[in-house]
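See structure below.
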Amino acid sequence: MTLGDQLSDRVKQVPPSGIRKFFELAEEVDDVISLGVGEPDFSAPWAARTAAIDSLERGKTSYTSNRGMRELREAISERVTRYGQEYDPEDEIIVTTGASEAVDLAFRAFVDPGDVVAIPQPSYISYTPGAIFAGGEPLPVPTRAEDEFTLTPEALEAAGADEADVLVLCYPNNPTGAVMSDDELADVASFVRDHDLVVLSDEIYSDLRYEDDHASIATHPGMRERTIVFNGFSKAYAMTGLRLGYAMGPPGAIDAMNKVHQYAMLSAPTTAQYAALEALRSCDDSVDEMRREYDRRRRFVLARFEEMGLDCFEAKGAFYVFPEAPDGDDEAFAEGLLEEQNVALVPGSVFGEGGEGHLRVSYATGMRELREAMDRIEAYVSD
Numbered sequence: 001m002t003l004g005d006q007l008s009d010r011v012k013q014v015p016p017s018g019i020r021k022f023f024e025l026a027e028e029v030d031d032v033i034s035l036g037v038g039e040p041d042f043s044a045p046w047a048a049r050t051a052a053i054d055s056l057e058r059g060k061t062s063y064t065s066n067r068g069m070r071e072l073r074e075a076i077s078e079r080v081t082r083y084g085q086e087y088d089p090e091d092e093i094i095v096t097t098g099a100s101e102a103v104d105l106a107f108r109a110f111v112d113p114g115d116v117v118a119i120p121q122p123s124y125i126s127y128t129p130g131a132i133f134a135g136g137e138p139l140p141v142p143t144r145a146e147d148e149f150t151l152t153p154e155a156l157e158a159a160g161a162d163e164a165d166v167l168v169l170c171y172p173n174n175p176t177g178a179v180m181s182d183d184e185l186a187d188v189a190s191f192v193r194d195h196d197l198v199v200l201s202d203e204i205y206s207d208l209r210y211e212d213d214h215a216s217i218a219t220h221p222g223m224r225e226r227t228i229v230f231n232g233f234s235k236a237y238a239m240t241g242l243r244l245g246y247a248m249g250p251p252g253a254i255d256a257m258n259k260v261h262q263y264a265m266l267s268a269p270t271t272a273q274y275a276a277l278e279a280l281r282s283c284d285d286s287v288d289e290m291r292r293e294y295d296r297r298r299r300f301v302l303a304r305f306e307e308m309g310l311d312c313f314e315a316k317g318a319f320y321v322f323p324e325a326p327d328g329d330d331e332a333f334a335e336g337l338l339e340e341q342n343v344a345l346v347p348g349s350v351f352g353e354g355g356e357g358h359l360r361v362s363y364a365t366g367m368r369e370l371r372e373a374m375d376r377i378e379a380y381v382s383d
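Going by UniProt numbering, 245 is the number at position 245 of the sequence shown; the sequence numbering is gapless.
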């Protein structure tokens, strides 16, 4: 008997990442332009990098508090007031190793074996495995292109989410770029209160909305006490490799997550915390500049897809668009495009129900590469 024979049932349930599988194919092709990776092509703002370097030069390489540096939590608390969120830095905020750790902590803190976790799809690929690893039972809640991939009470009802224990939200959305208005979130909040759900709200793209301000379900009546909000520095601040995120919620909830965090991670990376503190203090202009450039790219990509005749709703957040694949076969289109034109996209089916027949296209790459990639896609569509 080998160790491979002794894998836990939870691990056996989870297939390898569909994104990773596809990009292993892309690695075998020369001259590839990738529009598939959800990572900014910018570097972290210089002031944040300088703060990180300075902290190292001053020997700031020890553990911080489990919950994160007090100054950083205070800066986070002040920052999120722009979204109508109010959290006490003392006991309602925890700093984590990326927003991904925050999501994992919440699953482990609030999901018991057999609990039903409603996950609107298409969605970020880590939610379903995270629920399974915690012993939960994922419940897909398909969203539709005709609704611009927003979540509705009708979709929740149709999927059976009235019997769920936990609801995961991600708006602005990965992979679709969809956003939800405050009124739309109010309707979902009403459903949540009526059926007594816990909400895990991933708001990592909150600073990347292009036509209006970010809205959070946690600000609606009766929702703060039943919602954990996740955010971080990877996307808006282009700090993916520094691995720093945070979670906000009621004191008892953050205490529970911190209990898991203490044993699993102890504390988030110290150097990254100094970078994040400076980012919050002085890098708003850099974030605004990056957002304006993403918006320029977004409008360019949407216009090009319209010229090609590919149906694509107007994504208004994150840095993705989600066009329909010709003939509805997203995997065949992505594989053919890679083979014939050396452009890598991600098939929408990787992201679950509702994603089939679509393609995730990231515009977090330089405009020169983006123009060339769109020319190649047009050539492939025209053949």
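C-beta: ideal position from N, C-alpha, C; glycine also.
When the beta-carbon positions are compared, residue 348 and residue 174 stay at least 9 Å from each other.
The DSSP-derived three-state label of residue 332 is helix.
Within the stretch 177 to 227, complete alpha helix (DSSP H) segments of at least 4 residues are found at 182 to 195, given in chain order.
Its chain contains 14 as the residues whose beta carbon lies nearer than 6 Å to that of residue 129, once the 5 sequence neighbours on both sides are disregarded; these appear in chain order. For residue 246, the enclosing beta strand (DSSP E) has its first and last residue at 245 to 248.
When DSSP states are grouped into helix, strand and coil, residue 33 belongs to the strand group.
Between the stretch 109 to 118 and the stretch 152 to 166, the count of C-beta pairs closer than 8 Å reaches three or more; the two stretches touch. In this structure, DSSP gives residue 87 a state outside helix and strand, which the three-state scheme calls coil. With respect to the 9 Å criterion, residue 134 and residue 253 are not classified as neighbours on the basis of their beta carbons. The Cβ neighbour count for residue 263, taken over all protein chains shown within 10 Å, is under 16; the residue is labelled exposed.
Counted as a single uninterrupted DSSP element, the stretch harbouring residue 82 is not any alpha helix (DSSP H), since DSSP gives it neither H nor E. Per DSSP, reduced to three states, the secondary structure at residue 362 is strand. In summary, residue 63 is exposed, with fewer than 16 beta-carbon neighbours lying within 10 Å of its beta-carbon over all protein chains present. By the beta-carbon neighbour count (other beta carbons within 10 angstroms, threshold 16), residue 81 is exposed. A distance of 9 Å or more separates the beta carbons of residue 248 and residue 127. If you draw a 10 Å sphere on the C-beta of residue 29, you find fewer than 16 other C-beta atoms in it, and that means exposed. Judged by DSSP secondary structure, residue 377 falls within the alpha helix (DSSP H) whose first and last residues are 367 to 382.
Counting along the chain, residue 302 sits inside the alpha helix (DSSP H) bounded by residues 284 to 308. Around the beta carbon of residue 185, 16 or more other beta carbons lie within 10 angstroms, which makes this residue buried.
Residue 199 and residue 229 have their alpha carbons spaced roughly 8 Å apart. Non-local beta-carbon contacts of residue 237 in its own chain, meaning distances under 7 Å to residues more than five positions away in sequence, involve 44, 45, 48, 279, 283, 287 in chain order. Rounded to the nearest whole angstrom, the CA to CA distance from residue 124 to residue 61 is 33 Å. The Cβ-Cβ distance between residue 170 and residue 190 does not fall below 9 Å. The stretch 355 to 372 makes contact with the stretch 316 to 333, as at least three CB pairs between them are under 8 Å. The continuous alpha helix (DSSP H) containing residue 128 extends over residues 127 to 133. Sixteen is the threshold: when 16 or more other Cβ atoms of the shown chains lie within 10 Å of the Cβ of residue 356, as they do, the residue is buried. The beta carbons of residue 187 and residue 153 sit about 5 Å from each other, so the pair counts as a contact at 8 Å.
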